[in-house]
Amino acid sequence: MTVRTKQDAARVLADTSGDRCFFCQDGCISKNLYQLVECLDHISEDSFRHHVTEVKNDFSNWVRDVFGDDKLANNLSRCTDSTEAAKVLRDRIAWLQKKLK
Numbered sequence: 009m010t011v012r013t014k015q016d017a018a019r020v021l022a023d024t025s026g027d028r029c030f031f032c033q034d035g036c037i038s039k040n041l042y043q044l045v046e047c048l049d050h051i052s053e054d055s056f057r058h059h060v061t062e063v064k065n066d067f068s069n070w071v072r073d074v075f076g077d078d079k080l081a082n083n084l085s086r087c088t089d090s091t092e093a094a095k096v097l098r099d100r101i102a103w104l105q106k107k108l109k
């Protein structure tokens, strides 16, 4: 889905709950994109590699499946380390926040 309206941006930035949260292998739980950035800021290389391999990217899949932000999901799918993924998330969050104004 493409983010076009304030409502779309608000939905992508909103919290999710229950089994729709992201449960990181290291125990970190994220219910929104802000918390996912925090998780990526502190994740170990081993934990990142658990979620991102040549055949899967759990972060990208979560963003696409839970929030429907295809652009962010596609950008995350190209990230090769947690620092890059956190930057992609921060940039998208900033863009989404501007969309809300």
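Numbering of the sequence shown is given in my numbering, commencing with residue 9 and proceeding in unit increments.
Here a beta-carbon is modelled for each residue, glycine too, at the ideal position from N, C-alpha and C.
Of the residues the options, the one placed nearest residue i, counting alpha carbons only
i, options, result
"His59", "Asp89, Thr13, Arg72, Asp73", "Asp89"
"Asp66", "Arg12, Asp49, Arg86", "Arg86"
"Phe147", "Gly35, Lys79, Lys109", "Not covered by the structure: residue 147. The range shown for the chain is 9 to 109."
"Thr91", "Val63, Val45, Leu41", "Val45"
"Asp73", "Gln15, Val20, Thr13", "Val20"
"Arg98", "Asp78, Gly76, Asp49", "Asp49"
"Lys39", "Gln105, Trp70, Leu80, Asp54", "Trp70"
"Arg100", "Tyr42, Asp27, Ile37", "Tyr42"
"Lys64", "Ser52, Ala81, Ile51", "Ala81"
"Ser25", "Phe75, Leu84, Lys95", "Phe75"
Contact check, residue i vs residue j, beta carbons under 8 Å
i, j, result
"Lys107", "Ala22", "no"
"Thr10", "Asp78", "yes"
Assigned secondary structure, residue i (DSSP; H/G/I helix, E/B strand, else coil)
i, result
"Asn65", "strand"
"Ile101", "helix"
"Val60", "strand"
"Ser90", "helix"
"Ser85", "helix"
Euclidean distance between Cα positions of residue i and residue j
i, j, result
"Trp103", "Cys32", "25 Å"
"Gln1", "Lys109", "Lying outside 9 to 109, the shown extent of the chain, residue 1 is not represented and no answer is given."
"Asp54", "Gln105", "32 Å"
"Ser68", "Asp27", "17 Å"
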